[in-house]
Amino acid sequence: AQITATPMNGMVLLTGTVAAPDDAAEAERLVQAFVGDSTKVLSRLKTATPLQVNLQVRFAEVSRSFIKNVGVRLNTSDRAGSGFLFGSNSGNAGTITYDAATGGKTSTYSVGTQRSTLGIAGRLFGTDILSAIDLGETIGQVTTLANPNLTALSGETGTFLAGGEVPIPIAQALGTISVEYKQYGVSLSYTPIVLSDGRISLRVRPEVSQLDYSNAITMNGTRVPGLTSRRAETTVELGSGQSVMIGGLLQNSHNNSIEKTPFLGDLPILGSLFRSNAFQRNETELVIIITPYLVKPVNSSSDIALPTDGYRAPTDAGRILGGQLSAPYLPGTPIDRRPVPTMAPQTDAAPAIGATATVPAVPVPQGPVGEDRERALPASSKKGSSVMPGFSR
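Now the structure itself:
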């Protein structure tokens, strides 16, 4: 804040700039208490330009899955004798067919998805036997990291979406069908309010969603996928550059199932030929972290590094002979620079009392754009010590 107290004609005139309306009222109250009730205090303080808040959100998710399947199927056919047929339907084995012209048999297997099939085919005591054991084991890991960021004016709402819209048919009256679009992808919506002491109150709603065809449904011949979403909505208060985890999830699930033939599957040893089992384990870890920054616009557009800086299209020779997707970067191109928030300067919160006394703002030294982010951020101020310029409304 920059406040000047000038005594004139039995009163004190306050001029200058403050960060918030509350600071103006506090300065007027302090000056009035200092000069006494006999002297009138006239305030001509102005509120500084409202601050802008840049919010960075990090979604970090790791999902691991383990699936194991064991199935047995046995088919027999007595071709030469009575034509007796016998078999069990556990697992995914095959069929025994005969060629009417030659009288020979054909044995086929139906291999399950992502499984290994071990089969035996032959003749025993005049009976054709086709047996198979399906063994399947699947281990998967999915890692998701989304880092959206958005800048909004204090007191205003900002929204961000990187994704798309999926059409969903909706039945209407008289058999008509309408289409409604559902958004998916990485979205962010938040409303920041900069308080008088420089802290930031945030109403934030981040979300990461993706199409899930495993839960799809079919409506009027149209396959509509489901949506897998990770969403959090809350209100927090923290200082510029501080981080807080607003949401997290740790989930473990196990699923074990057995499919068997009644009575035969319960036999002590031979029962394993008439049953199959499946085991599935899923583990999920999710963390959502937000970090707000008080920022200001840069003075020159050249201070902002873009992902396309230094990119050149490859030549025909480089693309065909060298397999290049892009030409080498030009010498001296600052490809290692990454844009970082430009922090707003800090100012002293205490007004100066006395004729033409001015408390100048003390700016935080600004480093180059390519400097490490931790060095570019100011030290977080404790409540009541120093303030950031701006107001709450």
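Position one of the sequence shown corresponds to residue 770 (the numbering used here), numbered consecutively onward.
All C-beta atoms, glycine included, are put in the ideal place defined by N, C-alpha and C.
Is it the case that the Cβ atoms of residue 928 and residue 973 are separated by a distance below 8 Å? no
What's the gap between the Cα of residue 947 and the Cα of residue 959? 31 Å
Of all the beta strand (DSSP E) runs that stay within the bounds of the stretch 900 to 949, which reach a length of 3 or more residues? 918 to 922, 927 to 940
CB residue 1056 to CB residue 829, shorter than 8 Å? yes
Integer Cβ distance of residue 965 from residue 788, believed to fall under 8 Å: Correct: roughly 7 Å between the Cβ atoms.
Using only the alpha-carbon positions, how far apart do residue 786 and residue 794 sit? 12 Å
With distance defined between alpha-carbon atoms, name the residue in 963, 981, 800 nearest to residue 921. 963
Near residue 1053, what residues of its chain come up, given a Cβ to Cβ distance below 6 Å and the 5 sequence neighbours on each side ignored? 832, 1020
Buried or exposed, going by whether 16 or more other CB atoms sit within 10 Å of the CB of residue 911? exposed
Which class does residue 968 belong to by DSSP, given the choice of helix, strand or coil? coil
Rounding to the nearest angstrom, what Cα-Cα distance links residue 1026 and residue 951 in this structure? 35 Å
Would you give the residue range spanned by the beta strand (DSSP E) that residue 1020 belongs to? 1013 to 1029
To which residues of the same chain is residue 821 closer than 6 Å at the C-beta, ignoring the five residues directly before and after it? 920, 922, 1064
By a C-beta neighbour count over all protein chains shown, 10 Å radius and 16 as the cutoff for buried, is residue 1091 buried or exposed? exposed
I'd like to know if the stretch 777 to 785 and the stretch 799 to 809 are in contact, where contact means that at least 3 CB-CB pairs between them fall below 8 Å. yes
Which class does residue 1075 belong to by DSSP, given the choice of helix, strand or coil? coil
Pull the bridge partners of residue 960 from the DSSP assignment, please. DSSP output for residue 960 lists 972 as bridge partner(s).
Alpha-carbon to alpha-carbon, residue 1075 and residue 1094: 19 Å
Beta-carbon proximity of residue 953 to residue 980, cut-off 8 Å: Cβ distance < 8 Å, so residue 953 and residue 980 count as in contact.
Could you give the first and the last residue of the continuous beta strand (DSSP E) run that contains residue 1066? It is not in any beta strand (DSSP E) - residue 1066 carries neither H nor E in the DSSP assignment.
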